[in-house]
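The next block holds one structure in the form of structure tokens; read it before the comments.
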Amino acid sequence: MLHVTSLSGEKYAVPAQDNGDARALKAYFSRTHGFPPRFQQRLFLDGNELEDSTGLEAAMELNLLLLPLSCTQPDELVAAIAEESAAQVETLLKIPQDPNQADLDSRLPLLVASAAGNVDIVRLLLEARANTNSADSIGCTALMRACKSDHADVGRLLLEAGADMDLVDIDGYTALMRASDKGHASVVKLLLQAGASTGIVSENSCSALMFASTRGREEATRLLLEAGADPNFITEKGLRGYTPLMNASSSGHTQVVQLLLAGRADPNVAGNVGQTALMGAAGQGRVEVVRLLLEARSDANLSAESGSTALDDAGDHREVVALLEPHVEWRPGNNRKQSATGSSCQAEAKATDAERRAEAQQVSSLRTNEHGTIQKLTLVATR
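The letter at position 82 of the sequence shown is residue 82 when you use UniProt numbering, and the numbering goes up by one with no holes.
So, in structure tokens, the structure goes:
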């Protein structure tokens with residue numbers, strides 16, 4: 001047994017397996033007795049401070065001193081993190097500088113390290129008990145910074161340290177939304193495996209799946225759908241409601257559209273002004289997307305509140321018009337159908353009307369001539 005006496009006079013007997021070196025002993029005290037991290041502990045032998053690497057023997061009689069955190073060098077700590085100097089960071093933490101104190105520019109040490117993706121420095125800060133859920137002025141946490149920058153290894157460390165994956169920033173964005181928007185598939189997978197919610201909605205009424213599908217992030221979209229994200233979620237804010245399928249369709253993200261349709265996205269869901277995915281795709285001339293939607297039984301006869309259909313929206317996109325025409329039924333008020341598919345019929349009808357008017361004029365002229373001839377014949381006979 002190794003014997004340690006604290007400054008307050010408390011005595012501790014440490015089992016042999018926990019006293020390999022000074023650093024291991026400090027970890028034992030933190031783990032077993034709830035002491036602060038090793039950066040705030042000092043061990044002394046005969047009045048001399050022991051380095052963390054100093055080997056320990058069972059016969060030793062040690063003294064333990066616990067130090068309060070210092071708030072004197074926050075700028076130096078953040079600067080060392082920005083320079084990615086792990087050795088300097090450890091030196092400053094041993095002062096012991098408070099790992100949760102922001103510098104003069106309001107930068108938090110853990111957020112700076114997480115955004116840079118420096119695993120060693122993040123590990124040091126977490127060991128010093130940096131708060132994993134602290135946020136900056138816009139509500140961004142270390143996990144959000146790491147996920148946005150595609151630092152999966154840092155994200156894993158933060159999650160293991162208890163970071164809350166469903167916190168939102170000032171815009172209502174989660175770490176999963178940030179990663180989905182950027183298409184960082186490895187980070188999206190990490191968060192989903194850790195249980196991140198796919199149902200949280202941002203301030204502008206977007207879900208993680210909405211971000212991924214709008215940006216055309218194929219792998220992120222697939223992962224979110226497999227995790228149960230709702231493909232028929234429709235935004236509630238703004239002048240028009242949209243689904244992931246609508247956004248992907250109008251943007252021409254063919255592969256994402258295929259994934260959404262395979263994930264049971266309803267192609268006939270309409271926004272709050274009646275717009276559908278097919279209308280959006282047709283209006284943008286997305287030929288392949290229109291083909292996919294029609295194969296998925298998208299209704300080409302639906303109309304928006306304005307009365308326009310996908311065929312109307314197709315405008316001069318001839319390939320799209322050609323795809324839509326066989327699926328459109330004529331009915332009163334469907335002007336585009338009448339003009340698009342019945343143009344030749346109308347031309348024939350106009351030609352027929354003109355011919356009939358010409359024939360009528362000819363018949364009238366003949367009758368007049370005939371009458372005039374009769375009159376002349378009559379006059380001759382009278383004379």
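Beta carbons: idealized from backbone N, C-alpha and C, even for Gly.
As assigned by DSSP and simplified to three states, the class of residue i
{"i": "Gly47", "result": "coil"}
{"i": "Gly280", "result": "helix"}
{"i": "His327", "result": "helix"}
{"i": "Ala22", "result": "helix"}
{"i": "Leu7", "result": "coil"}
{"i": "Gln275", "result": "coil"}
{"i": "Arg217", "result": "coil"}
{"i": "Thr254", "result": "helix"}
{"i": "Tyr12", "result": "strand"}
{"i": "Arg42", "result": "strand"}
{"i": "Ser308", "result": "coil"}
{"i": "Ala227", "result": "coil"}
{"i": "Leu293", "result": "helix"}
{"i": "Leu261", "result": "helix"}
{"i": "Ala135", "result": "strand"}
{"i": "Ser249", "result": "helix"}
{"i": "Met1", "result": "coil"}
{"i": "Ser303", "result": "strand"}
For residue j and residue i, the rounded distance between their alpha carbons
{"i": "Leu224", "j": "Asp230", "result": "9 Å"}
{"i": "Leu167", "j": "Ala208", "result": "13 Å"}
{"i": "Ala27", "j": "Ala152", "result": "27 Å"}
{"i": "Glu348", "j": "Arg215", "result": "At Glu348 the pLDDT is 44, less than 50, meaning the model places this residue with poor confidence; the figure from the coordinates comes in the next sentence. For Glu348 and Arg215, the distance between alpha carbons rounds to 47 Å."}
{"i": "residue 386", "j": "Lys182", "result": "Because the chain here runs from 1 to 383, residue 386 falls outside it and cannot be looked at."}
{"i": "Arg217", "j": "Pro37", "result": "42 Å"}
{"i": "Glu325", "j": "Ala135", "result": "54 Å"}
{"i": "Thr341", "j": "Pro244", "result": "Residue confidence for Thr341 is low, a pLDDT of 45 falling below 50, so the modelled location carries little weight; the figure read from the coordinates is stated next. Distance between the alpha carbons of Thr341 and Pro244 is about 32 Å."}
{"i": "Thr132", "j": "Leu302", "result": "50 Å"}
{"i": "Leu77", "j": "Val89", "result": "6 Å"}
{"i": "Ala128", "j": "Phe29", "result": "14 Å"}
{"i": "Asp103", "j": "Ala59", "result": "44 Å"}
{"i": "Leu261", "j": "Asp316", "result": "27 Å"}
{"i": "Ala16", "j": "Val4", "result": "13 Å"}
{"i": "Asp164", "j": "Ser106", "result": "21 Å"}
{"i": "His184", "j": "Asp150", "result": "6 Å"}
{"i": "residue 458", "j": "Asp98", "result": "Absent from the structure is residue 458, since the part of the chain shown begins at 1 and ends at 383."}
{"i": "Asn63", "j": "Thr91", "result": "22 Å"}
Residues near residue i by beta carbon distance below 8 Å, same chain, minus five either side
{"i": "Ser250", "result": "Ala277, Gly280, Ala281, Gly283, Gln284, Arg286"}
Assumed close pair residue i, residue j - CB separation to whole angstroms, cut-off 8 Å
{"i": "Leu143", "j": "Gly155", "result": "6 Å"}
{"i": "Thr309", "j": "Ala300", "result": "7 Å"}
{"i": "Ala227", "j": "Leu192", "result": "5 Å"}
{"i": "Leu93", "j": "Phe39", "result": "5 Å"}
{"i": "Val112", "j": "Ala82", "result": "6 Å"}
{"i": "Ser186", "j": "Ala212", "result": "Incorrect: roughly 14 Å between the Cβ atoms, too far for contact."}
{"i": "Gly274", "j": "Ala304", "result": "4 Å"}
{"i": "Leu292", "j": "Val257", "result": "6 Å"}
{"i": "Pro96", "j": "Leu69", "result": "6 Å"}
{"i": "Cys206", "j": "Ala175", "result": "The pair is not a contact, with the Cβ atoms about 15 Å apart (cut-off 8 Å)."}
{"i": "Leu7", "j": "Asn19", "result": "Incorrect: roughly 19 Å between the Cβ atoms, too far for contact."}
Cβ-based neighbour list, residue i, same chain, cut-off 6 Å, excluding 5 preceding and 5 following
{"i": "Ala22", "result": "Leu43, Leu50, Asp52, Thr54"}
{"i": "His253", "result": "Gly216"}
Nonlocal neighbours in the same chain, by C-beta distance under 7 Å from residue i, ignoring five residues either side
{"i": "Ala116", "result": "Glu84"}
{"i": "Ala360", "result": "Bear in mind that a pLDDT of 47 at Ala360, under 50, signals an unreliable position, so the number given afterwards is only what the model happens to contain. Counting only Cβ-Cβ distances below 7 Å, and skipping sequence neighbours, we find nothing."}
{"i": "Glu319", "result": "Val287"}
{"i": "Asn272", "result": "Arg240, Gly241"}
{"i": "Gln101", "result": "Cys71, Pro74"}
{"i": "Arg145", "result": "Leu111, Ser114, Ala115"}
{"i": "Arg264", "result": "Pro231"}
{"i": "Ala13", "result": "Met1, His3"}
What ranges does the alpha helix (DSSP H) occupy inside the segment 53 to 116, keeping only unbroken runs of at least 4 residues that lie completely in it?
DSSP runs (the alpha helix (DSSP H)) wholly in the segment 53 to 116: 74 to 82, 86 to 93, 109 to 116.
Counting only runs of 4+ residues fully inside the segment 138 to 174, write out the alpha helix (DSSP H) ranges in chain order.
142 to 148, 152 to 160, all fully within the segment 138 to 174.
Residue ranges of each alpha helix (DSSP H) within the UniProt repeat "ANK" (171 to 203), 4 or longer
Whole alpha helix (DSSP H) segments, 4+ residues: 175 to 182, 185 to 193.
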